[in-house]
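Here is the structure we will look at.
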Ligand code: ADP
Ligand code: MN
Ligand code: MN
Ligand code: MN
Ligand code: MN
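In full-length UniProt numbering, the protein residues as written are 17 to 399.
Encoded structure:
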């Protein structure tokens with residue numbers, strides 16, 4: 017209470033005080049770190065943040081190490097171990113779990129221009145991928161396909177929360193005005209935390225992510241960004257961009273949730289629409305290949321629903337209700353320019369007779385490796 021009062025005096029604003037009191041990170045003086053960053057460190061020393069997905073299949077973990085040379089590819093990077101019993105990935109008596117570096121990004125948070133983020137996947141003591149390592153199976157599928165050149169473009173929706181779990185900027189008691197003015201909106205009464213969104217774009221571009229765009233979403237405090245289109249890199253990029261988003265939000269004292277239905281009622285849920293194409297679909301007359309893929313997808317609806325959220329469909333049950341721009345979770349459907357279906361063919365694609373399809377089913381907290389793995393196994397490997 018005393019420190020809270022002090023904060024109140026400092027800010028003179030009760031609403032802001034509520035946020036600060038709830039979020040210890042925001043009251044630290046952010047300029048102190050800069051003093052140390054101005055110290056000269058040995059030129060051959062590189063800071064590397066190893067990033068991985070924990071046993072929940074949706075949360076990111078990281079730890080940092082200092083390398084003594086600048087790596088030119090992941091092959092120059094050492095594997096590393098961590099305590100899998102603390103990340104829901106191993107039991108205490110045999111807890112060493114291995115990180116294998118898979119992709120390198122420039123680190124927008126560390127001071128050195130050679131400092132990097134190393135995206136890893138995880139292996140148990142027996143050398144097998146951990147159950148939440150969905151990348152290994154996806155890589156194996158990619159290794160089996162021919163020259164189809166699959167591309168994925170992923171639309172990541174997310175919601176900003178205050179530390180107390182309430183959507184950011186929402187009144188403490190009651191609700192904002194109904195949905196309508198917020199999607200792609202502008203103005204202090206319509207969008208919250210645009211600064212954070214714009215910082216995220218720059219940090220992702222710096223990192224080397226194929227970042228495609230952003231927009232404010234239908235529910236206030238909900239946003240979207242798009243990644244790709246590219247191959248397996250789109251999935252790696254999505255995980256790293258989620259990490260960067262959460263790091264920036266940490267600085268602002270705001271929480272990011274990827275929960276697919278953060279608010280019950282007449283509020284839109286959050287998805288990760290996955291846009292997919294092959295060389296054939298992108299070429300003249302590609303609509304035929306798009307329709308063939310949709311036909312295959314229609315026969316494997318259950319498999320896809322299982323792969324499209326980390327709880328094998330349980331999370332999406334709350335979101336895919338057949339209302340609020342979603343289809344029913346129980347039934348496959350598709351249509352041109354229709355946003356209440358499982359798979360949409362965008363109007364522009366139907367007109368051009370070529371392009372891509374949009375699978376609207378993946379939830380915002382999906383693992384893109386699991387989603388894209390299911391898509392290519394169904395559409396390209398005919399499994
Ligand atoms: P909407 O909100 O109307 O569904 P967006 O503009 O948010 O559409 O997202 C479109 C997505 O489609 C982007 O992520 C983009 O990268 C992706 N995309 C565009 N062309 C292709 C393609 N040929 N193959 C796969 N994805 C594509
Ligand atoms: Mn320790
Ligand atoms: Mn979109
Ligand atoms: Mn959207
Ligand atoms: Mn979409």
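Backbone N, C-alpha and C define an ideal beta-carbon position, used for all residues, glycine too.
8 Å Cβ cutoff met for residue i and residue j
i           : j           : result
residue 223 : residue 122 : yes
residue 171 : residue 240 : yes
residue 191 : residue 208 : no
residue 396 : residue 164 : yes
residue 247 : residue 226 : no
residue 97  : residue 72  : no
residue 388 : residue 220 : no
residue 344 : residue 350 : no
residue 175 : residue 288 : no
residue 63  : residue 86  : no
residue 95  : residue 129 : no
residue 274 : residue 381 : yes
residue 310 : residue 370 : no
residue 276 : residue 205 : no
residue 228 : residue 162 : no
residue 213 : residue 230 : yes
residue 305 : residue 296 : yes
residue 16  : residue 105 : Residue 16 lies beyond the residue range present for the chain, which begins at 17 and ends at 399; the question has no answer from this structure.
residue 215 : residue 264 : yes
residue 366 : residue 320 : no
residue 194 : residue 262 : no
residue 77  : residue 103 : yes
residue 167 : residue 236 : no
Whole-Å CB distance - residue i paired with residue j, under 8 Å assumed
i           : j           : result
residue 150 : residue 386 : 4 Å
residue 158 : residue 392 : 7 Å
residue 313 : residue 394 : 6 Å
residue 242 : residue 284 : Not really, about 17 Å apart at Cβ, beyond 8 Å.
residue 280 : residue 233 : Between residue 233 and residue 280 the Cβ distance is about 17 Å, and since that is not below 8 Å, they are no contact.
residue 141 : residue 112 : 6 Å
residue 363 : residue 353 : 4 Å
residue 53  : residue 127 : 4 Å
Closer than 8 Å to chain B by CB, residue i
i           : result
residue 304 : Included in the structure is just one protein chain, with no chain B present.
Cβ pair count under 8 Å reaching 3, the region 313–330 against the region 369–378: Touching, yes, given that three or more Cβ pairs across the two stretches are closer than 8 Å.
Cβ contact (3+ pairs, closer than 8 Å) linking the region 133–141 and the region 192–202: no
Ordered list of beta strand (DSSP E) runs contained in the region 368–396, each at least 3 residues: 373–375
The region 262–275 / the region 40–49 touching (three or more Cβ pairs under 8 Å): yes
Sufficient close CB pairs (3 or more, under 8 Å) joining the region 63–83 to the region 249–263: yes
Every unbroken alpha helix (DSSP H) inside the region 244–283 [4 residues or more]: 248–268
Test item, CB below 5 Å from any non-hydrogen atom of ligand 1: 167, 169, 171, 228, 242, 244, 245, 291, 293, 372
Cβ contact (3+ pairs, closer than 8 Å) linking the region 105–122 and the region 46–58: no
Whole runs of the beta strand (DSSP E) within the region 80–161, excluding any shorter than 3 residues: Segments of the beta strand (DSSP E) lying fully in the region 80–161: 96–99, 112–122, 132–139.
Ordered list of beta strand (DSSP E) runs contained in the region 174–234, each at least 3 residues: You should have 227–232.
Ordered list of alpha helix (DSSP H) runs contained in the region 293–341, each at least 4 residues: Complete alpha helix (DSSP H) runs here, min 4: 295–298, 303–314, 317–323, 330–335.
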